[in-house]
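Scroll down for the structure; my scribbles are underneath it.
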Amino acid sequence: VHLHLVILARQICEGIYDANVEETDHDKKEVENENKTGASETPHYDSTVKKLMSNTIPYNIPPNVVRLSDQMVVPEQERLVFESKESVCSLCQGQLSESMYPQGCNSINGNGILITNTNPFIKIDIKIRKCRQSSCKAVHAPYLYEKGLFNVSNKVVVGLDILLEWREFFKDGMPVSNFIRCKLKALEKKTEKEHCLTSEEIEYLVKTLYNGFYAFEALTERNLDESICGICGIVGIVYYGDGNEKNCCTNKEINCSAKKETLLSSNKEETRLSSTKEDNELSSNKKETGQSSNKEETQLRNDNEVNLEETLLSMKDRLVRKMLFPNAAEENRFEIDLDNIPPIIPPKQRSHQFSTEMSKKSEYLKKSDVIEGDAMKLSRLITDEKLSIEDFDSMDVKELKRIASKCDIKQSGKSRALLKVVLQQLYASILVGRSACHQFVKSAGHTGGFYHFVCPHGTTVCSKLMILTESVRDAADLWLSLKYPPVMFICDTPCTFVQHVNKRKPDLAKKYWDDFDGCFEKPTLDKDPNSEMDVPNIVPIEFRDVAPIPMNPKNSNVHPITYKERRYVAGDRFHTGTNPHKSPLCEYHNVNLAQQGNTLKTSYQESMNNKKNKLRNRTSCTQGFLHHFYYNYLMNFYENEEIVSKQRRNLENMVSNTGKIVKRDEYSRFVVAE
10 VHLHLVILAR QICEGIYDAN VEETDHDKKE VENENKTGAS ETPHYDSTVK
60 KLMSNTIPYN IPPNVVRLSD QMVVPEQERL VFESKESVCS LCQGQLSESM
110 YPQGCNSING NGILITNTNP FIKIDIKIRK CRQSSCKAVH APYLYEKGLF
160 NVSNKVVVGL DILLEWREFF KDGMPVSNFI RCKLKALEKK TEKEHCLTSE
210 EIEYLVKTLY NGFYAFEALT ERNLDESICG ICGIVGIVYY GDGNEKNCCT
260 NKEINCSAKK ETLLSSNKEE TRLSSTKEDN ELSSNKKETG QSSNKEETQL
310 RNDNEVNLEE TLLSMKDRLV RKMLFPNAAE ENRFEIDLDN IPPIIPPKQR
360 SHQFSTEMSK KSEYLKKSDV IEGDAMKLSR LITDEKLSIE DFDSMDVKEL
410 KRIASKCDIK QSGKSRALLK VVLQQLYASI LVGRSACHQF VKSAGHTGGF
460 YHFVCPHGTT VCSKLMILTE SVRDAADLWL SLKYPPVMFI CDTPCTFVQH
510 VNKRKPDLAK KYWDDFDGCF EKPTLDKDPN SEMDVPNIVP IEFRDVAPIP
560 MNPKNSNVHP ITYKERRYVA GDRFHTGTNP HKSPLCEYHN VNLAQQGNTL
610 KTSYQESMNN KKNKLRNRTS CTQGFLHHFY YNYLMNFYEN EEIVSKQRRN
660 LENMVSNTGK IVKRDEYSRF VVAE
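Position one of the sequence shown corresponds to residue 10 (this note's numbering), numbered consecutively onward.
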């Protein structure tokens, strides 16, 4: 009897037996059953993730909450115990079990570690409760926000102040694993030798906290609309577009096979172009020629709409799973279809969310194909002569040679069939977005990088992750997704961009520029473009004598600042000077042709891409798609937030003694109000 009491007392002291918690027979059987089935077979994954995802974290955590972790008193004689205080499941309202240690854990030396700035590497006990409903079985882990702490996988409890410190390193482009490892090594300097961890334990913590940091960011509530430029709002006058192939990742998590049917369907449509006259997309003037078309169905098929919020929710789910169940490979596996990858655009700034990545592929075009001829001239010819591409089927060889001659295609030695194929290839290059004036590259086995729109004040307006090699289709996806496309869009392929939009959205292009093709005047081969064109609408707001008052147009195509539908597309001075465009029609996109061209910087996007590379490329190429996309989503937000916060502070300082406040108007611009 005495020996039994001695053993029991030792168990209580060492924490093997908890004298304060009596497990019921139901709980004992439940634990025994779990030990038999194994973690990989327990049915509580989904409900546990759903439970944790309901606990969101505010983006701006109050300072008094952040300080709580440093104010925590750690007792010397006994271990800290963290456990859920809930008694009823918040998902199904079922009863919860008594507190228990997570499966596979005991409390001989503490089953968890507390990491705060004042108390690093303290052994603690973490207990959970489980829902008794067989259909739920959600694990209710301690949610420690009100104590200034964050629970990582019921293994590590870390202070919110440390996570916020890591967020600042993250904003500065430092790789996540690096700043976690550096912080742990720094905390070791203030830890007694007997409490220091081995190098293996440190590396284990780095991996655990890596997943924990991304889960913390995923659970944090943030509003993309708050990152919109306070000067441009959603009605920017000038936007700059440029691709960045260096900001790429591996493409292992991207599922292309699911879209074989779509690709085959697209190729069939292209085949009809040459044989059946039934492809409605390839006709730019069906109204004028009197041909029937199901235009809405065609545009719906070719302009695939996706949803950013749904994708982010799916990513949030996977990031939380990776933290909760790091060893459950099948549960953590993330995969996304090629045409389900959304552009990153704030909700207020968009009217659509287009992603037509798969349409970059063409049956007519192979990677090795060298496109013969001038696509700009072909596009202009189709518009001027009111032709459709299907008309080539009925043309004789003499007429085909006439068109080929006007498009700089050699006719000698070519049969009628070959001339038709060459013209079809030339036209297909416009549809897929391939540019004859600018060559694009990508790394084998990696994605194509990111395409960004930036405003003159440094904010990223929108972004698109490119899976395939960059083309003007990427710029068009973003431009067409915007609620109010800019009055002036500057990119390195203006000519191809305009012709692509002409063929992809002919009705919309007619409203935005009609025969002007985004130029200051109608482009023609008969003469050189005029210089000193007067185009006051392209002047940025900060350079205008009088601040324009935006109106709320009934016509969604009218820009609220200029009150007009007219849009312009111009090339940047750097590429125009160092890599002249191939077609004489491209000269009409020279921004220097306008008197107001000097008010526009045209290489801003290049410097912004350079800045992005410095911050992002130290991390990006080693990531899978899940972390890479979410990483860039966060970086877009944080970089914009820094700029927008500075804009707000400057305005608030100007009106600090007037009793007025700074707020956003209906177009998300900062305005001063009473």
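Every residue, glycine too, gets a C-beta built ideally from N, C-alpha and C.
Return the residue from the list the options that minimises the CA-CA distance to residue i.
| i | options | result |
| --- | --- | --- |
| Lys621 | Tyr647, Asn599, Asn546, Ala603 | Tyr647 |
| Asn341 | Glu394, Leu643, Asp55, Ile124 | Asp55 |
| Leu474 | Gln604, Asp483, Gly467, Thr468 | Asp483 |
| Tyr223 | Tyr676, Val671, His636, Arg657 | His636 |
| Cys191 | Phe178, Glu201, Glu203, Val315 | Phe178 |
| Asn120 | Asn256, Asp537, Pro111 | Pro111 |
| Tyr436 | Asn666, Ser108, Lys512 | Lys512 |
| Phe188 | Lys395, Lys199, Arg176, Glu230 | Arg176 |
| Lys164 | Leu218, Glu85, Gly457 | Leu218 |
| Ser540 | His204, Tyr597, Cys241, Ile547 | Tyr597 |
| Lys255 | Phe679, Thr667, Leu624, Ser654 | Leu624 |
| Met542 | Arg582, Phe552, Pro557, Asn601 | Asn601 |
| Glu651 | Gln80, Gly239, Glu203 | Gly239 |
| Lys514 | Val496, Ala485, Asp535, Cys528 | Ala485 |
| Lys199 | Glu230, Glu209, Ile131, Tyr68 | Ile131 |
| Leu643 | Asn126, Tyr249, Arg231, Glu366 | Arg231 |
| Thr208 | Glu235, Gly221, Asp400, Leu193 | Checking the sequence shown, residue 208 turns out to be Ser, not Thr. The candidate whose alpha carbon is nearest that of Ser208 is Leu193. |
Cα separation between residue i and residue j?
| i | j | result |
| --- | --- | --- |
| Asp501 | Val664 | 41 Å |
| Phe525 | Ala579 | 12 Å |
| Ser592 | Cys258 | 35 Å |
| His461 | Thr320 | 19 Å |
| Leu273 | Lys369 | Only weak support exists for where Leu273 lies, its pLDDT of 35 falling under 50; the coordinates are left without a value. |
| Ser677 | Asn618 | 25 Å |
| Val40 | Lys325 | Bear in mind that a pLDDT of 45 at Val40, under 50, signals an unreliable position, so the number given afterwards is only what the model happens to contain. So the two alpha carbons sit approximately 29 Å from each other. |
| Val681 | Lys672 | 6 Å |
| Ser78 | Glu155 | 10 Å |
| Leu89 | Asn641 | 38 Å |
| Leu206 | Gln632 | 28 Å |
| Lys277 | Val431 | Legend: pLDDT at Lys277 = 41, less than 50; position of this residue unreliable, value from coordinates given subsequently. Approximately 18 Å between the Cα atoms of the pair. |
| Glu318 | Asn160 | 26 Å |
| Cys265 | Ile345 | 9 Å |
| Leu390 | Leu396 | 8 Å |
| Leu105 | Leu660 | 52 Å |
| Asp523 | Cys504 | 14 Å |
| Phe91 | His149 | 12 Å |
| Cys595 | Val406 | 29 Å |
| Lys415 | Leu322 | 52 Å |
| Ile570 | Thr469 | 20 Å |
| Met81 | Ser144 | 38 Å |
| Asn69 | Tyr152 | 18 Å |
For residue i and residue j, which I take to be in contact (beta-carbon distance under 8 Å), what is that distance rounded to the nearest angstrom?
| i | j | result |
| --- | --- | --- |
| Cys471 | Ile354 | 4 Å |
| Lys563 | Ile243 | About 17 Å separates the two Cβ atoms, so there is no contact after all. |
| Val329 | Leu61 | 6 Å |
Can you tell me where the alpha helix (DSSP H) with residue i in it begins and where it stops?
| i | result |
| --- | --- |
| Ala384 | 384–393 |
| Ala147 | No alpha helix (DSSP H) contains Ala147, which DSSP labels as neither H nor E. |
| Leu489 | 481–490 |
| Cys101 | Cys101 -> no alpha helix (DSSP H), and no H or E assigned at all. |
| Met497 | Not the alpha helix (DSSP H): Met497 falls in the beta strand (DSSP E), residues 497–500. |
Short check: CB of residue i to CB of residue j, under 8 Å?
| i | j | result |
| --- | --- | --- |
| Gly382 | Ile418 | yes |
| Ser480 | Val441 | yes |
| Lys531 | Glu574 | no |
| Ile350 | Ile476 | yes |
| Gly182 | Arg76 | no |
| Leu333 | Thr57 | yes |
| Phe343 | Glu262 | yes |
| Ile124 | Ile133 | no |
| Gln358 | Ile246 | no |
| Gln605 | Val507 | no |
| Asp581 | Thr611 | yes |
| Leu214 | Pro129 | no |
| Glu95 | Arg138 | yes |
In terms of residues, what are the limits of the beta strand (DSSP E) holding residue i?
| i | result |
| --- | --- |
| Arg673 | 670–673 |
| Phe459 | 458–463 |
| Asn313 | Per DSSP, Asn313 belongs to no beta strand (DSSP E) and is neither H nor E. |
| Tyr577 | 577–580 |
| Asp134 | 131–136 |
| Asn160 | 158–161 |
| Asn253 | 247–253 |
Is there a Cβ of chain B sitting closer than 8 Å to that of residue i, yes or no?
| i | result |
| --- | --- |
| Asn256 | Judged by its chain identifiers, the structure shown contains no chain B, having just a single protein chain. |
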